[in-house]
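S.K.: Residues 0 to 445 in numbering that gives the first Met the number 0 are what the sequence shown spells out, letter by letter. Here it is, the structure in full.
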Amino acid sequence: MFDFLTEKFSSVFSRLTGHRYLTEKNISETLDKVKDALIEADVPYAVVNAFVDKVQQDVIGKKVLNTLNPGEQFIKVVHDQLVSFLGAIKSDDSFLFRHGQIVMVMGLQGSGKTTNIGKLVHYIVENAKLPKRVAPKILCASVDFYRPAAVEQLEIVAKAAGASFYRAQSGDPVAAAHEIVSYFKYHGFDLLFLDTAGRLHVDNQMLAELQKIDHSVHPQIKILVLDSMTGQESLRVAQAFDQAVGFSGGILTKADSDSRSGAAFAFCYELKKPLFFIGAGEKMDELELFRPERMATRILGMGDVQTLLERAQQKIKESDQQRLEENFNKGIFTLSDFAQQIDMMNSLGSFSQVLKYIPGMSTAGINQDAMSRGESQMKRFKAIINSMTPKERADHRLLNGSRKQRIAKGAGVPVSDVNLLIARFEQMQHFVKLFKKSGKFSPFKR
Ligand code: GDP
Ligand code: MG
């Protein structure tokens with residue numbers, strides 16, 4: 000979903016890094032491009048204006064033009080504003096692990112309520128394997144009696160994900176909700192996901208019914224599921240739900256579609272509610288915790304190394320992980336780290352999926368052909384790094400002409416490939432240092 004913005008922003012900003020001098024004209028041209036990109040991404044106009052104003056104020060306030068690396072500082076200002084627009088309120092997943100609570104899931108018909116209850120159960124079950132987490136006993140139940148087979152659908156996904164399921168006897172949604180809660184309490188479950196009915200459009204009858212259920216059940220958490228394809232309209236939908244029933248936060252679904260981030264900005268900035276999760280596919284595990292900080296880094300084409308690491312967690316040796324973590328926290332990034340990232344990519348499968356997590360390597364707009372060229376390039380990079388001595392891997396500045404020739408020969412590639420690797424690597428190192436210096440990049444804190 001954010002690929003569109005990543006593509007636009009990367010091309011706007013790649014020209015700024017490394018600039019010794021920036022002029023006011025430079026900055027205002029870049030701001031215009033940022034504005035165009037956001038408008039094209041379907042971000043509401045008012046939000047775009049507020050964003051650009053904020054960036055401009057910060058650029059002046061922080062006297063970016065007079066700093067040592069104005070290009071980098073400018074990007075950092077944009078990054079920080081992206082974070083603040085996407086997540087004034089910090090979201091995390093701990094709310095899902097509090098025992099005894101009722102989670103009511105609401106949204107329009109087809110937005111993905113039922114599917115996402117399955118995904119949430121799966122998420123909880125998987126994450127309960129982490130230290131200090133205990134798997135709650137989860138119950139799922141539905142009061143969606145309007146859509147044919149909606150209840151059966153929930154039964155299937157709930158059981159597949161590892162939760163229990165209860166079918167209410169009553170056919171009246173409010174009475175059924177009451178009955179479900181009694182069952183939930185009587186059987187000592189820890190967590191209840193209550194699936195509700197939606198309509199195709201915001202509808203007063205639907206909202207009135209939800210209000211009644213809300214009053215009867217008193218859910219601790221109310222989640223609004225929003226289809227990101229709804230674009231700007233999603234803001235009105237969210238406002239209607241908020242006024243009538245209120246909710247704690249949202250899940251934005253179908254981020255794998257070609258929708259363009261507008262809904263996320265509208266939701267976070269206009270409603271000042273956290274986005275808990277982003278859904279990016281029909282499969283059970285295609286649910287990602289929404290982290291504004293990481294999303295901003297990804298939008299700017301600077302990768303998201305931490306998410307990559309988390310995805311690789313089961314597949315990479317713990318000792319290797321720790322070393323990488325420590326280095327990153329110190330702002331260190333060596334060729335060995337790079338080689339390890341290439342290994343992680345291989346262990347994770349699809350090149351294109353993984354590449355966008357790596358600093359400076361956004362894949363937005365790259366076609367399949369370029370992708371497979373990239374894949375074989377990574378193989379060559381790996382062979383080149385393998386041909387180096389440990390000392391060279393730890394400090395690439397040792398690589399003079401004769402060393403490069405030796406390495407190229409060992410890897411069976413031309414020297415130009417070695418130079419290309421070094422150039423790429425330096426670019427990545429640059430990003431890692433930039434975020435370390437700013438103190439903003441703390442990728443290993445959950
Ligand atoms: P509900 O009416 O709100 O309960 O919606 P459903 O859970 O039945 O989902 C409607 C459709 O959207 C189903 O075909 C889901 O597979 C699909 N869907 C849900 N979430 C996602 C997502 O993140 N990506 C994609 N591509 N499809 C999704
Ligand atoms: Mg449903």
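A virtual CB, placed ideally from N, CA and C, is assigned to each residue, including glycine.
Quick one: measure Cβ to Cβ for Ile421 and Leu398, integer angstroms, because I've assumed they're closer than 8 angstroms.
M.R.: Start at 1 with the first residue of the sequence shown, and residue 421 comes out as number 422. Start at 1 with the first residue of the sequence shown, and residue 398 comes out as number 399. About 7 angstroms; that satisfies the 8 angstroms criterion.
S.K.: Which residues does DSSP pair with Phe276 in a beta bridge?
M.R.: If you number the sequence shown from 1, residue 276 lands on position 277. DSSP output for Phe276 lists Ile250 and Leu288 as bridge partner(s).
S.K.: Less than 7 angstroms separating the Cβ of Gly60 from some heavy atom of the ligand GDP?
M.R.: Position 61 of the sequence shown, counted from the start, is the residue given in the question as residue 60. No.
S.K.: Whose C-alpha, out of Met228, Leu129, His98 and Ser90, is nearest the C-alpha of Phe192?
M.R.: As a working mapping, residue 192 is identified with position 193 in the sequence shown. With distances taken between Cα atoms, Phe192 lies closest to His98.
S.K.: Taking Leu81 as the reference, which of Asp241, Leu37 and Gln100 has the closest Cα?
M.R.: For the purposes of this step, residue 81 is taken as the residue at position 82 of the sequence shown. Out of Asp241, Leu37 and Gln100, Leu37 has the C-alpha closest to the C-alpha of Leu81.
S.K.: Can you give the Cα-Cα distance for Val47 and Phe266, rounded to whole angstroms?
M.R.: What you label residue 47 is simply residue 48 of the sequence shown in a count that begins at 1. What you label residue 266 is simply residue 267 of the sequence shown in a count that begins at 1. About 13 angstroms.
S.K.: Span of the beta strand (DSSP E) holding Ile220?
M.R.: Locating residue 220 in the sequence shown gives position 221, counting from the first residue. Segment Ile220 to Asp226, the beta strand (DSSP E) holding Ile220.
S.K.: Just the Cα atoms here: how many angstroms apart are Asp226 and Asp255?
M.R.: Locating residue 226 in the sequence shown gives position 227, counting from the first residue. Locating residue 255 in the sequence shown gives position 256, counting from the first residue. In a straight line, the C-alpha of Asp226 is about 11 angstroms away from that of Asp255.
S.K.: Since Val76 and Val58 are thought to touch, with beta carbons under 8 angstroms apart, how far apart are those beta carbons, to the nearest angstrom?
M.R.: Along the sequence shown, read from residue 1 onward, the residue named residue 76 stands at position 77. Along the sequence shown, read from residue 1 onward, the residue named residue 58 stands at position 59. With a Cβ gap of about 6 angstroms, Val76 and Val58 count as contacting.
S.K.: Assess contact between the region 151 to 163 and the region 202 to 212, defined as three or more Cβ pairs (one per stretch) separated by less than 8 angstroms. Is contact present?
M.R.: Short answer: they don't touch.
S.K.: Compute the minimum distance between the beta carbon of Ser110 and the heavy atoms of the ligand GDP, and state whether it is under 7 angstroms.
M.R.: The residue you call residue 110 lines up with position 111 of the sequence shown. For the ligand GDP, at least one heavy atom lies less than 7 angstroms from the Cβ of Ser110.
S.K.: Just to check my reading of the structure: Ile123 and Leu153 have Cβ atoms closer than 8 angstroms, yes? What is that Cβ distance to the nearest angstrom?
M.R.: Within the sequence shown, numbered from 1, the residue matching residue 123 stands at position 124. Within the sequence shown, numbered from 1, the residue matching residue 153 stands at position 154. Wrong, their Cβ atoms sit about 16 angstroms apart, outside the cutoff.
S.K.: Sorted by chain position, which residues of the same chain lie with C-beta nearer than 7 angstroms to Phe289's C-beta, five sequence neighbours on each side aside?
M.R.: Stepping through the sequence shown from its first residue, residue 289 is reached at position 290. Excluding sequence neighbours, Phe289 sits near Ser90, Leu274, Phe275, Phe276 and Ile277.
S.K.: With DSSP as the reference, please indicate the residues paired to Gly161 in a beta bridge.
M.R.: As a position in the sequence shown, residue 161 is number 162, starting the count at 1. DSSP, once it has assigned bridges, lists no residue as partnering Gly161.
S.K.: What's the gap between the Cα of Lys271 and the Cα of Glu285?
M.R.: One-based indexing of the sequence shown puts residue 271 at position 272. One-based indexing of the sequence shown puts residue 285 at position 286. About 25 angstroms.
S.K.: Compare the C-alpha of Ala148 against each of Pro130, Asp194, Ser181 and Gly187 and name the closest.
M.R.: Here residue 148 is taken as the residue at index 149 of the sequence shown, counted from 1. Nearest option by C-alpha distance: Asp194.
S.K.: Do you know offhand how far Phe264's Cα is from Thr229's?
M.R.: Taking the first residue of the sequence shown as 1, we reach residue 264 at position 265. Taking the first residue of the sequence shown as 1, we reach residue 229 at position 230. For Phe264 and Thr229, the distance between alpha carbons rounds to 13 angstroms.
S.K.: Using three-state DSSP, classify Gly70 as helix, strand or coil.
M.R.: As a first step, residue 70 is located in the sequence shown; it is residue number 71 there, counting from the start. DSSP places Gly70 in helix when its eight states are reduced to three.
S.K.: When every heavy atom of the ligand GDP is checked, does at least one fall within less than 7 angstroms of the C-beta of Asp255?
M.R.: Here residue 255 refers to the residue found at position 256 of the sequence shown. Yes; taking the cut-off as 7 angstroms, the Cβ of Asp255 has a heavy atom of the ligand GDP nearer than that.
S.K.: Is the beta carbon of Val414 sitting closer than 8 angstroms to the one on Gln404?
M.R.: Start at 1 with the first residue of the sequence shown, and residue 414 comes out as number 415. Start at 1 with the first residue of the sequence shown, and residue 404 comes out as number 405. Taking 8 angstroms as the Cβ cut-off, Val414 and Gln404 qualify as a contacting pair.
S.K.: When DSSP labels each residue in this structure, what does Gly106 get in the three-state scheme?
M.R.: Within the sequence shown, residue 106 is the residue found at index 107, counting from 1. Note: Gly106 maps to strand in three-state DSSP.
S.K.: Counting along the chain, where does the beta strand (DSSP E) carrying Ser141 start and finish?
M.R.: The residue labelled residue 141 in the question sits at position 142 within the sequence shown. Per DSSP, Ser141 belongs to the beta strand (DSSP E) from Ile137 to Ser141.
S.K.: By a C-beta neighbour count over all protein chains shown, 10 Å radius and 16 as the cutoff for buried, is Ala167 buried or exposed?
M.R.: By 1-based counting over the sequence shown, the position of residue 167 is 168. Result: buried.
S.K.: Taking a contact to mean a Cβ-Cβ separation below 8 angstroms, would you say Gln231 touches Gly261 in this structure?
M.R.: Reading the sequence shown from its first residue, position 232 is the one you call residue 231. Reading the sequence shown from its first residue, position 262 is the one you call residue 261. Contact: yes.
S.K.: Skipping 5 residues on each side, what residues in its chain have a beta carbon closer than 8 angstroms to that of Ala196?
M.R.: Looking up residue 196 in the sequence shown gives position 197. Correct list, in chain order: Gln108, Val142, Asp143, Phe144, Tyr145, Arg146, Ala149, Pro172, Met205 and Glu208.
S.K.: Under the rule that 16 or more other beta-carbon atoms within 10 Å means buried, what is Leu129, buried or exposed?
M.R.: Counting from one through the sequence shown, the residue named residue 129 turns up at place 130. Per the 10 Å Cβ criterion, exposed.
S.K.: Can you give me the C-alpha to C-alpha distance between Glu391 and Gly400, rounded to a whole angstrom?
M.R.: To locate residue 391, count along the sequence shown from 1; it is residue 392. To locate residue 400, count along the sequence shown from 1; it is residue 401. Glu391 and Gly400: Cα-Cα distance of roughly 13 angstroms.
S.K.: Could you give the first and the last residue of the continuous alpha helix (DSSP H) run that contains Asp52?
M.R.: In the sequence shown, residue 52 corresponds to position 53, counting from 1. Here the alpha helix (DSSP H) through Asp52 covers Tyr44 to Gly60.
S.K.: Spatial neighbours of Lys221 within its chain, please: CB distance less than 7 angstroms, with the 5 preceding and 5 following residues excluded, ordered by chain position.
M.R.: For the purposes of this step, residue 221 is taken as residue 222 along the sequence shown, with counting starting at 1. Correct list, in chain order: Met103, Met105, Val244, Gly245, Phe246 and Ser247.
S.K.: Just checking Asn399 against the ligand GDP - is the residue's beta carbon closer than 7 angstroms to any of the ligand's heavy atoms?
M.R.: Position 400 of the sequence shown, counted from the first residue, corresponds to residue 399. Asn399: no, Cβ never under 7 angstroms from the ligand GDP.
S.K.: Taking the alpha-carbon positions, what's the Gln340 to Cys139 distance?
M.R.: Numbered from 1 along the sequence shown, position 341 holds the residue referred to as residue 340. Numbered from 1 along the sequence shown, position 140 holds the residue referred to as residue 139. About 39 angstroms.
S.K.: Going straight from the alpha carbon of Glu269 to that of His200, what length do you get?
M.R.: Taking the sequence shown and counting its residues from 1, one reaches residue 269 at position 270. Taking the sequence shown and counting its residues from 1, one reaches residue 200 at position 201. Approximately 20 angstroms, taken between the alpha carbons.
S.K.: Alpha carbon to alpha carbon, what distance is there between Ala174 and Ser27?
M.R.: On the sequence shown, position 28 is the one that residue 27 refers to. On the sequence shown, position 175 is the one that residue 174 refers to. Their Cα atoms are separated by approximately 59 angstroms.
S.K.: For the alpha helix (DSSP H) containing Leu234, name the first residue and the last one.
M.R.: The residue labelled residue 234 in the question sits at position 235 within the sequence shown. It spans Glu232 to Ala243 - the alpha helix (DSSP H) in which Leu234 sits, taken as one unbroken run.
S.K.: Drop a sphere of 10 angstroms on the beta-carbon of Ile155, count the other beta-carbons inside from all chains shown, and report buried for 16 or more, exposed for fewer.
M.R.: Residue numbering aside, residue 155 sits at position 156 when the sequence shown is read from its first letter. Per the 10 Å Cβ criterion, exposed.
S.K.: Would the beta-carbon of Leu30 fall within 8 angstroms of that of Val54?
M.R.: As a first step, residue 30 is located in the sequence shown; it is residue number 31 there, counting from the start. As a first step, residue 54 is located in the sequence shown; it is residue number 55 there, counting from the start. Cβ atoms of Leu30 and Val54: closer than 8 angstroms.
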